[in-house]
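So the protein lines, in turn, are chains A and B. In terms of our numbering, the first sequence is residues 1 to 150. In terms of our numbering, the second sequence is residues 1001 to 1501. Following: one structure in structure tokens, then a few remarks.
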Amino acid sequence: MNNPPNSYLPELSGAVFLIFVGSLGAFLASGYRIGSLISMGPGFYPLILSVLLIGLGIALAIQSLRTTSALGKIKLKGGLFAVAGVLSFSLLIAPAGVVPATFALVFLTSMGGDKWRFLSALLVSISLSLFSAFIFVAALGLPITLFGGH
Amino acid sequence: MDMFANLALGFETALTIENLLACLLGVTLGTFVGVLPGIGPLAGISLLLPITFYLEPTAALVMLAGIYYGAQYGSSTSSILLNLPGTAASAVICLDGYPMAKAGRSGAALFLTTIASFLGGSFAIILMGIFAPVLAAAALNFGPVEYVSMMVLGLLAATMLSTGSQLKGIAMVVTGLLLGVVGIDVNSGVSRFTFGSLHLLDGLSVVVLAMGLFGISEILFNLGSAQKAPPLDARSITWKSLVPTRSEMRASWMPILRGSWVGAVIGILPGAGASIASFLSYALEKRVAKDPSRFGKGAVEGVAAPEAANNSSAQAAFIPTLTLGIPGNAVMALMLGALVIHGITPGPRILIDQASLFWGLVASFWIGNVLLVVLNLPLIGIWVRILAIPYHILVPIILFFICTGVFSVSNSHINIFLVLGFGILGYGMQLLKYPAAPLLLGFILGPLMEENLRRALLLSRGDPMTFIQSPLSATFLAITVVLVVLTLRRKPGSKPNEQGT
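Right, here's the structure in full:
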């Protein structure tokens, strides 16, 4: 494979993330009552799991120092546009309604692609808006408004 | 025999209009996501989970199951015609299916996969009818001690038998178990890991988790890598070309039978999914063949056997899921999630308390398989055209369904934030080769595990030896230990294809 520079950093970062999650879990769990084996408090089970996760993270960290690997190619642009699209949908749907949210989602996401055409994005937005009007609002009766907030 | 009475009840249930429609919708959508490369059955099922909230539990499960095995069918179609496997399980079908297509035998290859799938699926359905009641009856005697040990075995086996780093798989199981803790603790009323958010009191939604890990992350991962579908003339597949020659038929019978067996055995095992089944049966065919050199150049056995195996295993995977409540793979975990959403506790009591649901689901597999035959053969031209939908149109549409789907779960945009968060997490996991399926398994089984663990230790007055004192539980744990030791020992050096230096 002709992957870009090999390094132990990607693997190590994954392991460190696990240790972080485990520590966070252990910290939160120790705030709940632990109890004993015979009557476990709410903190007992998550504490065991968190400690286990920290242990696994450490094992993976040690393993990562002995191996190197390279990340696959990262397509930053498309991903960022997709994330922006989903974010704007979530921010728009309650105050502005599903139609503006859908337009924002479709336009932002398709702009991240290699080739984007205004017309096709417009068509997709319109048909998805119609779809929401018929299925979500009329048929299923979801509490979603087409335009504007509640 | 009891089985016939049970199956009669099943068909009675499955043949109601609502369930028939659910089945038809399920297999159609399944074929659709199967044909499309980049979206697998997992994304398809998680997309449709919110819709099933509005259905009866039986119809919901029938539909979700239909997506699963429909996707197996559909992905074979794109494997053969375009050398693009829609799911991992059908990557093997490319090996001989695509050469067959290039040799002008695409019609026959498609026909054979349909028949092989149908027979493989039917084989597993019959097995299920026979063995499910036996297993469930045995599992009825399980106490919390046996349940905990069985879940430990199931979760570890699921990661040990899957490909890639076992350590990462186990880490993901534990992460999933931890995520399952989020929400109010039923025993004490304490809200755990909610960060003060009222929204998280009920726990994380399985829909949010699955759509993030399997929907969004898949899209982020595939975004730039637009696969160019080679141009294909759908009209080249005529009715006449579908009929295999007599020698092709004769060469396929035994491979289909062998594939069905391999698939059924693999399907019952936790963790070993349809892809392992199809790879194994391909390897088996290659070994028993008189002339192994034909493989990879369009051998019919290389299409028929893995296809039978992958459908047989898809059906057989339901056996442990529905009788023991232990899902073997992520799709099965989602099925259990759907059951829980409908207020049905997974486990052996399903067979007794929900007899019509269970047998209706089993019968629907068979109906679904018939529908797939009807659907796949005449509609191949349409499926092929679907492949021509460009990715830049498909992505916004899928994202739209994910967004509206998770929004509808609790009418809250917080769920969309969460799904995005899990999507980015899943993307990172894919980059670093952390498997997502064990995480989902852990998440689904987590609450059950904690409850049974607490109960088991309460009954034994806090004595952890209770897990060894029960012979059954001790056996489960012994198998777990053996499995762990075996995999850890196999590790160094023996895997040349593993990412090493």
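All C-beta atoms in this analysis are idealised placements derived from N, C-alpha and C, irrespective of residue type, glycine included.
In whole angstroms, what is the alpha-carbon distance linking residue i and residue j?
i	j	result
G1154(B)	L1439(B)	13 Å
V1484(B)	L1472(B)	19 Å
S1090(B)	N1310(B)	8 Å
L1177(B)	S23(A)	15 Å
I1402(B)	T1058(B)	24 Å
L128(A)	S110(A)	14 Å
E1307(B)	T1114(B)	8 Å
T68(A)	I62(A)	12 Å
G55(A)	F44(A)	17 Å
G1267(B)	A1314(B)	6 Å
L60(A)	A15(A)	6 Å
M1(A)	Q1430(B)	Residue placement at M1(A) cannot be trusted, given a pLDDT of 41 that sits under 50; what the coordinates show is reported in the next sentence. Rounded to whole angstroms, M1(A) to Q1430(B) spans 18 Å at the Cα level.
A1226(B)	P1255(B)	Residue placement at A1226(B) is flagged as unreliable, the pLDDT there being 49, under the threshold of 50; the coordinate-derived value follows with that caveat. Spanning the two alpha carbons is a distance of roughly 35 Å.
Y8(A)	G78(A)	27 Å
A1166(B)	G1040(B)	According to the sequence provided, residue 1166(B) is Gln. The question's Ala does not apply to it. Their backbone Cα atoms lie some 23 Å apart in a straight line.
P100(A)	G1212(B)	23 Å
N1222(B)	S120(A)	20 Å
T1321(B)	V1092(B)	26 Å
S132(A)	L146(A)	8 Å
F1004(B)	F27(A)	56 Å
E11(A)	I1389(B)	36 Å
L1488(B)	G1421(B)	33 Å
V949(B)	G1215(B)	Any answer about residue 949(B) is impossible in this case: the structure gives chain B only from 1001 up to 1501.
A1043(B)	L1029(B)	11 Å
V1288(B)	A1274(B)	21 Å
L1156(B)	L1457(B)	21 Å
A1022(B)	L49(A)	39 Å
T1141(B)	V1362(B)	In the sequence as displayed, the identity of residue 1141(B) is Asn instead of Thr. Distance between the alpha carbons of N1141(B) and V1362(B): 24 Å.
R1455(B)	I38(A)	9 Å
K1168(B)	I1468(B)	27 Å
L1387(B)	F118(A)	22 Å
I1080(B)	S1106(B)	7 Å
L1504(B)	F17(A)	No answer is possible for residue 1504(B): the residues shown for chain B start at 1001 and end at 1501.
A1355(B)	P1133(B)	10 Å
Please check the pair residue i and residue j, which I expect to be a contact at CB under 8 Å, by giving their CB distance rounded to whole angstroms.
i	j	result
I1367(B)	A1014(B)	6 Å
W1359(B)	N1006(B)	5 Å
M1150(B)	F1365(B)	Incorrect: roughly 25 Å between the Cβ atoms, too far for contact.
T1404(B)	F136(A)	6 Å
F1295(B)	D1096(B)	6 Å
T1031(B)	N1376(B)	7 Å
G1333(B)	L1127(B)	Just to set this straight, residue 1333(B) is Ala in the shown sequence, not Gly. No, A1333(B) and L1127(B) are not in contact; Cβ-Cβ is about 22 Å, not under 8 Å.
L1446(B)	G1143(B)	It is worth fixing the name first, because residue 1446(B) is Gly in this sequence and not Leu. Contact flag wrong, Cβ pair sits at about 20 Å.
G35(A)	G97(A)	The Cβ separation is near 49 Å, so there is no contact.
V1374(B)	P42(A)	That pair is no contact at about 53 Å.
G1129(B)	S1312(B)	Wrong, their Cβ atoms sit about 14 Å apart, outside the cutoff.
G1347(B)	G1325(B)	4 Å
T1345(B)	L1135(B)	So it is not a contact: roughly 17 Å between Cβ atoms.
I1276(B)	I1398(B)	Incorrect: roughly 27 Å between the Cβ atoms, too far for contact.
A1116(B)	A1304(B)	4 Å
F1400(B)	V1243(B)	Wrong, their Cβ atoms sit about 41 Å apart, outside the cutoff.
A1251(B)	V1174(B)	That pair is no contact at about 47 Å.
I1380(B)	T1077(B)	7 Å
S1293(B)	R1258(B)	Not a contact, Cβ separation roughly 20 Å.
P1435(B)	G1066(B)	Incorrect: roughly 25 Å between the Cβ atoms, too far for contact.
Can you check DSSP and say which residues form a bridge with residue i?
i	result
G1183(B)	R1192(B)
G35(A)	M40(A)
S7(A)	S69(A)
Taking residue i as the query, report the chain C residues whose CB atoms sit under 7 Å from its CB, ordered along the chain.
i	result
F136(A)	No chain C is part of this structure, whose protein chains are labelled A and B.
Start-end ranges of the alpha helix (DSSP H) lying completely within the region 39-84 of chain A, minimum 4 residues
44-66
Within the region 1063-1114 of chain B, note down every full alpha helix (DSSP H) run reaching 4 residues or more, in order along the chain.
1091-1100
With a threshold of 8 Å, are at least 3 pairs of Cβ atoms found where one atom belongs to the region 1192-1209 of chain B and the other to the region 1404-1421 of chain B?
yes
Give a yes or no on contact between the region 1033-1051 of chain B and the region 1068-1075 of chain B, applying the rule of three or more CB pairs nearer than 8 Å.
yes
Counting beta carbon pairs with one atom in the region 117-124 of chain A and one in the region 77-93 of chain A, are three or more of them shorter than 8 Å?
no
Would you list, in sequence order, the uninterrupted alpha helix (DSSP H) runs of no fewer than 4 residues that lie entirely inside the region 1399-1440 of chain B?
1414-1431
In the region 1258-1289 of chain B, which residue ranges form an unbroken alpha helix (DSSP H) of at least 4 residues, counting only runs that do not cross its ends?
1274-1288
Runs of alpha helix (DSSP H) lying entirely within the region 1330-1396 of chain B, each at least 4 residues, in chain order
1330-1341, 1350-1353, 1355-1386
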